[in-house]
Amino acid sequence: MSDDEQPIDNPNENIVLDLPSTSTINQPDQLEPQIPSSTSSSSINYLEQWRGKQKVFWFISIANGIAQMILFNIFPAFAAVVGVTSSMMGFLTSIRNLISSLFQGTFGRLSDKYGRKHLLLVGFFLIFAMTTILVFIHNPIMLVIVVILQSFSLSIIIPVWNAALGDVTEIKGRSTYIGKLTSAGYVVAVGVLLLIVGFFFLTDSYANRVVLGLTIPKLGWEIHYGVTFAIIAINFLFCFIGILFLRETRPVNSDKVNPKLRVAFKDKSFRKFLFINSLFGFTMAALWPIYPITQVRILGMSFYQVAICVAIFSICFGLFGFLGGKISDKIGRKPVILFSRLMMFTIPPLYIPAILFQQWWFLVLTNVVSGIGNGIFLVVTNSYALDLSSEQLMGAYSGLKEVAWGIATFLGSICAGFVTQALELSWTLERTIIVLVIVITVLRLVVAFGYLFVTESLTENDT
């Protein structure tokens, strides 16, 4: 533990690991009330049953990775093609961030108390239904309704699924395991996306030609995006089916304890992380509405070019998510998180040559850096929140982390969208975006150093 770190002010003196282990984290300066440990020999035996029975986790993670990766990278470009304005793009992005995060603390806490499975079933079915609707609608107003309901379903899925992974892992090796699952989904997603792109490239190349007596029609953007959304919906359906075969991961005796959510807020280490992470989330989200506008309205990128950027992002995300998790299990979470955030300030400046020279491949570089940094960050911060929590509050800690992030990114996205719209009245769109990315670059660099002050969640015994 480095000199600048404070003792972890966590409410449990001894956090019992999820899988049988004698190692614990000794936490001085305990907070009252303490939560009695629920891990008895029966719960240890329960968790032991998960060893060697991980196939269902791989199946769900891969399907979920495919669906979420393609959906949230393709949707902004789809919205821009449909005709969404700069301010509305900011609103869509911000409302998605807010709704998907706002209720995560609540649902995470409910899953801690009542179990994970039924909540996951509700979440995956709802997002499957909403994604299916995207196949058929191209109305900007309807997009708002769909985005709200999709985001609500994510507020169920994200904390509950992350907590389920916490149920079946121990603190040592947790980040590596979560990294493997996340990486698998994103790597397979690249293959799926390339198949989609290849199919549409062939149909467009041979459009209006007669092949085997059949005339190949010219497919418009409605078909391109419609088929893509259908594939995404099918993968969410696979997740729903996978959850049906998943046994409940909460220990059978978890109803004997009733820890209070306020305990998480009393954790000084967790509060400090939430504050710094939220500030950085604001700087991250400020760029999000600008990206699809640059893609479609300034550079005029085609579906294929957008898909190539998504594929490159996903490859980097999956690969470095796994490597970042593995490294953080060896050297600690803090240095890896700091590295991943410092990378993010290099992304906005790449928009400037892309706009000045009208070269879309500069955005390919932004996706390389973004994939590396975000892949590392997502895996390691998920593990970080689980490390700080007690066994009884894994869902709550994961959810609260996302709530704070969602509120911050909501504010960042909506501010960026309206500022862009306002500046367009006086400046050209190109000049507006160049000025904004310079400001965002400076903010990201300054705030990233705030992660120097977060507390390491691993002790020497855990690394």
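Residue numbers for the sequence shown follow my numbering, so the first one is 52 and each next one is one higher.
In this text, a Cβ means the ideal position worked out from N, Cα and C, and glycines have one as well.
These numbers were taken from a predicted model, which means no experiment stands behind them.
Rounded C-alpha distance that separates residue i from residue j
{"i": "Thr254", "j": "Leu244", "result": "16 Å"}
{"i": "Gly217", "j": "Gly332", "result": "24 Å"}
{"i": "Ser320", "j": "Phe187", "result": "47 Å"}
{"i": "Gly277", "j": "Thr136", "result": "21 Å"}
{"i": "Gly369", "j": "Ile427", "result": "9 Å"}
{"i": "Ser145", "j": "Ala128", "result": "16 Å"}
{"i": "Leu172", "j": "Asn433", "result": "21 Å"}
{"i": "Ile458", "j": "Ile150", "result": "9 Å"}
{"i": "Asp69", "j": "Val219", "result": "Confidence at Asp69 is low in this model, with a pLDDT of 35, below 50, so the placement of that residue should be treated as unreliable; the coordinate-derived value is given next. Distance between the alpha carbons of Asp69 and Val219: 6 Å."}
{"i": "Leu494", "j": "Ile484", "result": "15 Å"}
{"i": "Phe354", "j": "Lys164", "result": "44 Å"}
{"i": "Leu161", "j": "Val387", "result": "31 Å"}
{"i": "Tyr435", "j": "Lys223", "result": "12 Å"}
{"i": "Leu170", "j": "Trp212", "result": "9 Å"}
{"i": "Phe335", "j": "Arg260", "result": "It should be noted that the sequence gives Met, not Phe, for residue 335. One C-alpha to the other measures close to 46 Å."}
{"i": "Ser391", "j": "Gly166", "result": "33 Å"}
{"i": "Gly236", "j": "Arg313", "result": "34 Å"}
{"i": "Val505", "j": "Ser256", "result": "53 Å"}
{"i": "Leu297", "j": "Ser204", "result": "19 Å"}
{"i": "Gly293", "j": "Lys106", "result": "10 Å"}
{"i": "Lys269", "j": "Phe252", "result": "11 Å"}
{"i": "Val518", "j": "Ser234", "result": "A query on residue 518 cannot be resolved here, the shown segment of the chain reaching from 52 to 514 and no further."}
CB contact flag (residue i, residue j, <8 Å)
{"i": "Ile423", "j": "Cys360", "result": "no"}
{"i": "Asp380", "j": "Ser226", "result": "yes"}
{"i": "Gln201", "j": "Val454", "result": "no"}
{"i": "Ala315", "j": "Leu451", "result": "yes"}
{"i": "Phe515", "j": "Ala284", "result": "Residue 515 lies beyond the residue range present for the chain, which begins at 52 and ends at 514; the question has no answer from this structure."}
{"i": "Leu429", "j": "Gly501", "result": "no"}
{"i": "Val347", "j": "Val497", "result": "no"}
{"i": "Ile267", "j": "Ala258", "result": "yes"}
{"i": "Ala114", "j": "Cys290", "result": "yes"}
{"i": "Ile208", "j": "Gly376", "result": "no"}
{"i": "Ala447", "j": "Gly159", "result": "yes"}
{"i": "Met352", "j": "Trp412", "result": "no"}
{"i": "Val420", "j": "Thr397", "result": "yes"}
{"i": "Thr198", "j": "Leu143", "result": "Before going further, note that residue 198 is Val rather than Thr in the sequence given. Taking 8 Å as the Cβ cut-off, Val198 and Leu143 qualify as a contacting pair."}
{"i": "Asp318", "j": "Arg384", "result": "no"}
{"i": "Ala499", "j": "Leu374", "result": "no"}
Given residue i as reference, the closest of the options once Cα atoms are compared
{"i": "Leu407", "options": "Val486, Ser234, Phe203", "result": "Val486"}
{"i": "Phe110", "options": "Leu295, Ser440, Val197", "result": "Leu295"}
{"i": "Gly271", "options": "His189, Gly159, Gln409", "result": "His189"}
{"i": "Leu177", "options": "Ile267, Leu288, Ile327, Phe316", "result": "Leu288"}
{"i": "Ala118", "options": "Val173, Leu451, Thr144, Val239", "result": "Val239"}
{"i": "Tyr342", "options": "Phe390, Asn418, Ala258, Met394", "result": "Asn418"}
{"i": "Glu442", "options": "Ile465, Ile192, Leu153, Arg301", "result": "Arg301"}
{"i": "Leu325", "options": "Ile398, Ser449, Ile222, Asn259", "result": "Ser449"}
{"i": "Ala358", "options": "Tyr402, Pro399, Ile398, Thr279", "result": "Thr279"}
{"i": "Phe469", "options": "Gln105, Phe126, Met139, Lys106", "result": "Met139"}
{"i": "Gly463", "options": "Val261, Trp212, Pro340", "result": "Pro340"}
{"i": "Phe126", "options": "Val248, Phe175, Val107, Thr182", "result": "Thr182"}
{"i": "Thr460", "options": "Val107, Asn148, Met120", "result": "Asn148"}
{"i": "Val41", "options": "Gly236, Met395, Gln356, Gly166", "result": "Limits of the chain in this structure are 52 at one end and 514 at the other, which puts residue 41 out of reach."}
{"i": "Ile274", "options": "Tyr237, Thr345, Leu185", "result": "Leu185"}
{"i": "Val488", "options": "Leu437, Val431, Leu401, Phe250", "result": "Leu401"}
{"i": "Ala540", "options": "Ala405, Ile344, Pro404, Phe175", "result": "Summary: the structure shown does not reach residue 540, with the chain confined to residues 52 through 514, and so no result is reported for it."}
{"i": "Gln409", "options": "Phe108, Leu350, Leu389, Val431", "result": "Leu350"}
{"i": "Leu389", "options": "Ser440, Ile491, Val431, Thr479", "result": "Val431"}
Counterpart residues of residue i in DSSP-defined beta bridges
{"i": "Thr266", "result": "Val261"}
First through last residue of the alpha helix (DSSP H) which encompasses residue i
{"i": "Arg49", "result": "Because residue 49 is not part of the residues shown, which for the chain are 52 to 514, the question remains open."}
{"i": "Thr233", "result": "225-256"}
{"i": "Leu153", "result": "137-153"}
{"i": "Thr483", "result": "480-499"}
{"i": "Ala215", "result": "191-218"}
{"i": "Gly369", "result": "354-382"}
{"i": "Phe408", "result": "402-408"}
{"i": "Thr432", "result": "412-439"}
{"i": "Ala281", "result": "272-295"}
{"i": "Phe324", "result": "319-336"}
{"i": "Met395", "result": "No alpha helix (DSSP H) contains Met395, which DSSP labels as neither H nor E."}
{"i": "Val132", "result": "106-133"}
{"i": "Trp456", "result": "445-474"}
{"i": "Pro343", "result": "341-344"}
{"i": "Gly166", "result": "Per DSSP, Gly166 belongs to no alpha helix (DSSP H) and is neither H nor E."}
Within-8 Å CB hit, residue i to chain D
{"i": "Ser206", "result": "Looking for chain D here will not work: only one protein chain is present."}
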